[in-house]
Structures are given as C-alpha cells and as structure tokens.
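K.L.:
Structure provided below as structure tokens; questions to follow.
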Amino acid sequence: ATVDENVAWRYMFALGIILPCVVIYLASFVMPESPRWLVTNNREEEAREVLQSVYPEGYDVNMIVYEIKDDIKKEEIAEHRHGWGVILHPSPAYKRMLLVGVGTAIAQQAVGIDAILYFMVFILDQSGITSRVTQMWILVGLGLVKLCVIFVAGLLLDKTGRRPLMFISLLGMSVSFIIVSLSFIGGTTTAASETAVIVGLALYLAFFSIGMGPATWTIASEVFTTTIRAKAMSLATFGNRATATIFSSSFLSVANAMGWSPFFIMMAVVCLVILVWIYIYLPETKGRHLEEMAQYFAEITGDASVIEAERALHDRRGGGVDDDDDENPQSE
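In my numbering, the protein residues as written are -10 to 321.
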C-alpha cells in the first residue's frame, strides 16, 4: 500500500524517535556512570566498582583510578597554565599536532560521507533507479554493509594499526567513486549502469567504514597531548562539522553544474590527495602513549617546548598540586 506523500514524511521523522528513546532508557537504567565523572566528583569507590565490572576478576583497578586522577589534574593544570594561548599561538610541534588531528577530522568529511548519505536517493534517481520500493531496499542493504564493516574495523584497528587502514580506506573509496562515475558516462541508464552504481556505493561505504570512519577520532584523541587536548578536540569537531555542512549544502549544486560523472571523478581525486597528505603527515599512533607522541612531534619539528610543557605539568604535580601523592604508587 502507498502512503500519502503529505503524511509519509511525518512517519519518517516519527521513526527517528525510536532509537533516541532506546538510548535514553539504556543511559538512564542500564549504562553505569563514567569512571572519570565519578572520580571527578569524589566517588572513587563507585568508580572502582564500574571498572571492576569491565576488567577481569582480580584485576587491580586502583591503578586505573590513579591514572584517571592524574589525567584530571594534568588537564586542570594545563587549563590554568596555558588556556587558549597554546592554540592561538602554537609552537612548531603543537602546529604539527593540530595539523594532523584537526586535518584528519576535516578529511573525514572531505571525502563526502555525510553528503553522500543525505543525497543517496538523488544519486539513485540520477542513475535510473526511480522505484521507491527498490530504493528503500537498496538503502537498507547499503546501511547493513556499512554497519557490518564497522565491526570488522573494530577488530583490525589495534591489530594492523591506523595508517594501513586509512590507506586502504582512501584507496578503496577512490576506486569506488570511479566505478560510480563510469556508470554515469553517456547519460543513458542500463541494467549494468544501475548495478555499477549500487556496487560502487556499497564499496564506498564499506571502505569508509574500514578506516576513515572509525579511525579518525581515535587518531585525534591519540595525537593531542594533555596540554591542548580539550581545546584541540573541540577545534577538530568544529572543523569536521563545518566541512560536513559545506559539502552537504553544495553537493547537488556542484554535481549538477559539473555533471555526475566528472563530479565523482573529482571526489576520487580528493580521496587520493588526502591519501598522500596522510602518508606524509600522519604518524602511526597504535600502542604509543601521549608522552611518546609529544616526543615524536617535538623531534620532527625541532621543538623542545612540548617536552618542557609536559615536564612542567609533571613537576607542578610533584611539587604539591596532588594532595594524594602519598597514596598513589605511581607518583614520583
């Protein structure tokens, strides 16, 4: 049965209520409080209980609580000591950190993921697939592909590292865009061209989900030192969403002006440019502590200020900022 178009869009928006209601229920009655929040609010015993439910029985979670306390106090000191100055007037090493972290966040949207998802129906229409029922099943299938590959990415990120998956992701998306582009050549639609569009879009979503999707925010959290982490993550998030807004608002205009085939060729080139940029600038962050990353950026830029800043935070803690040092086996 068909639904009146004046009512159908209301059903679509109404369906959006379901998942938020499920999340509200889980957050209210199932999900425990964050250990970090509990430690911040002097509820360490509850934090230990939450951590113990996550880690194997017998695991000493006290060390984790101490690390959380240490991170919180470092961030408080960094905020008091530096504020926005380290972001607005960064040293060479901090510039490189911002370039990598914020640049990666922007690159995630520069490959067009949000715009592609928003205008997927328009792409299918242009390819000759106009049946709404057919489009619905295609969208469901593409969504399942994207979802399933994310689980694969979760297993591979800590095994293969971030850089290899990013390279595979960008190269695969570039090939996918070329496949979609080829299907639009000639301006006529055939069964083969319609199939090529579906295959190309499925590959695009799969390759995005294997690398650029999940790895972007992992990388951002691993390259920013304590001194700039909070503000740098805010900047990365702003850059990500601003790029998504620009691409989404201009997607149809640019595609119609260029033609769909040249447009997707352009997107393939964008993916390759980002791949080269990541090859040059992005270090492997797998298994490396923040201190190691700070040392890395300081060395490649010849900037000792990062190490000095991190040492100053540590020394200030050791000089009396931490009232619980006597209880903390990690304090020096």
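Beta carbons: idealized from backbone N, C-alpha and C, even for Gly.
Using the three-state DSSP reduction, which class does ARG(-1) fall into: helix, strand or coil?
P.N.:
Taking the first residue of the sequence shown as 1, we reach residue -1 at position 10. ARG(-1): helix per DSSP, three-state reduction.
K.L.:
Hey, LEU259 and ALA99 are a contact pair by Cβ (cut 8 Å); roughly how many whole angstroms apart?
P.N.:
In the sequence shown, the residue the question calls residue 259 occupies position 270. In the sequence shown, the residue the question calls residue 99 occupies position 110. According to the sequence provided, residue 259 is Val. The question's Leu does not apply to it. Contact flag correct, Cβ pair sits at about 6 Å.
K.L.:
Excluding five sequence neighbours on each side, which residues of the same chain lie with their C-beta closer than 6 Å to the C-beta of PHE253?
P.N.:
Within the sequence shown, numbered from 1, the residue matching residue 253 stands at position 264. Here the set comprises PHE166, VAL169, SER170.
K.L.:
If we call anything under 8 Å between Cβ atoms a contact, is LEU131 one with LEU194?
P.N.:
Here residue 131 refers to the residue found at position 142 of the sequence shown. Here residue 194 refers to the residue found at position 205 of the sequence shown. Yes, these two residues count as a Cβ contact at 8 Å.
K.L.:
Measuring straight from C-alpha to C-alpha, what distance separates SER158 and GLU38?
P.N.:
Position 169 of the sequence shown, counted from the first residue, corresponds to residue 158. Position 49 of the sequence shown, counted from the first residue, corresponds to residue 38. About 39 Å.
K.L.:
Taking ILE269 as part of the alpha helix (DSSP H), name the residues at either end of that continuous run.
P.N.:
In the sequence shown, the residue the question calls residue 269 occupies position 280. 249 to 270 is the extent of the alpha helix (DSSP H) around ILE269.
K.L.:
Return yes when the Cβ of ILE95 is within less than 8 Å of the Cβ of LEU113, no when it is not.
P.N.:
Here residue 113 is taken as the residue at index 124 of the sequence shown, counted from 1. Here residue 95 is taken as the residue at index 106 of the sequence shown, counted from 1. Not in contact: LEU113 and ILE95 (Cβ atoms no closer than 8 Å).
K.L.:
For ALA178 and VAL122, I'd like the C-alpha separation in whole angstroms.
P.N.:
Translated into positions along the sequence shown, residue 178 becomes position 189. Translated into positions along the sequence shown, residue 122 becomes position 133. The residue asked about is misnamed: residue 178 is Thr in this sequence, not Ala. If you take the alpha carbons of THR178 and VAL122, they lie about 19 Å apart.
K.L.:
Out of ARG230, THR93, ALA204, SER42, state which residue places its alpha-carbon closest to the alpha-carbon of VAL19.
P.N.:
What you label residue 19 is simply residue 30 of the sequence shown in a count that begins at 1. Here the closest residue by C-alpha is SER42.
K.L.:
Is MET125 helix, strand or coil by DSSP?
P.N.:
Position 136 of the sequence shown, counting from 1, holds the residue named residue 125. If DSSP states are grouped into helix, strand and coil, MET125 belongs with the helices.
K.L.:
Please state whether the Cβ-Cβ distance between ALA204 and PHE213 is less than 8 Å.
P.N.:
Here residue 204 refers to the residue found at position 215 when the sequence shown is read from its first residue. Here residue 213 refers to the residue found at position 224 when the sequence shown is read from its first residue. No, these two residues do not count as a Cβ contact at 8 Å.
K.L.:
What would DSSP say about ASP49, mapped onto helix, strand or coil?
P.N.:
By one-based count along the sequence shown, residue 49 stands at place 60. DSSP places ASP49 in coil when its eight states are reduced to three.
K.L.:
By the 10 Å Cβ neighbour count, where 16 or more other Cβ atoms means buried, how is TRP249 classified, buried or exposed?
P.N.:
Looking up residue 249 in the sequence shown gives position 260. Buried.
K.L.:
What residue from PHE197, MET125, ILE174, PHE2 has the CA that sits closest to MET155's CA?
P.N.:
As a first step, residue 155 is located in the sequence shown; it is residue number 166 there, counting from the start. Per the Cα distances, PHE197.
K.L.:
How would you call GLY5, buried or exposed, if buried means at least 16 neighbouring beta carbons within 10 angstroms?
P.N.:
The residue labelled residue 5 in the question sits at position 16 within the sequence shown. GLY5 comes out exposed.
K.L.:
How many Å lie between ASP315 and ARG32 at the Cα?
P.N.:
Within the sequence shown, residue 315 is the residue found at index 326, counting from 1. Within the sequence shown, residue 32 is the residue found at index 43, counting from 1. Annotation note: pLDDT 41 at ASP315 (below 50); position unreliable, coordinate value reported separately. Going by the C-alpha atoms only, they are around 19 Å apart.
K.L.:
Our contact map puts THR274 next to GLU211 with C-beta atoms below 8 Å; I'd like the distance itself, whole angstroms only.
P.N.:
For the purposes of this step, residue 274 is identified with residue 285 of the sequence shown, where counting begins at 1. For the purposes of this step, residue 211 is identified with residue 222 of the sequence shown, where counting begins at 1. Confirmed, about 4 Å.
K.L.:
Under a Cβ-count criterion, where at least 16 other Cβ atoms within 10 Å of its own Cβ denotes burial, should PHE227 be classed as buried or exposed?
P.N.:
Here residue 227 is taken as the residue at index 238 of the sequence shown, counted from 1. Looking at its Cβ environment, which holds fewer than 16 other Cβ atoms inside 10 Å, PHE227 is exposed.
K.L.:
For ILE217, name the three-state secondary structure that DSSP assigns.
P.N.:
If you number the sequence shown from 1, residue 217 lands on position 228. Three-state result, ILE217: coil.
K.L.:
Measuring straight from C-alpha to C-alpha, what distance separates ASN(-5) and VAL110?
P.N.:
Sequence index remark: in the sequence shown, residue -5 carries index 6 (1-based). Sequence index remark: in the sequence shown, residue 110 carries index 121 (1-based). Each residue's alpha carbon lies about 18 Å from the other.
K.L.:
Take THR207 and list the residues in its own chain whose beta-carbon comes closer than 7 Å to its own, dropping the five residues that flank it on each side.
P.N.:
The residue labelled residue 207 in the question sits at position 218 within the sequence shown. Within the same chain, THR207 has close Cβ partners LEU146, ARG151.
K.L.:
Only counting runs of 4 or more residues, tell me where the alpha helix (DSSP H) segments fall wholly within the stretch 0 to 33, in order along the chain.
P.N.:
List check, alpha helix (DSSP H) in window: 7 to 14, 24 to 29.
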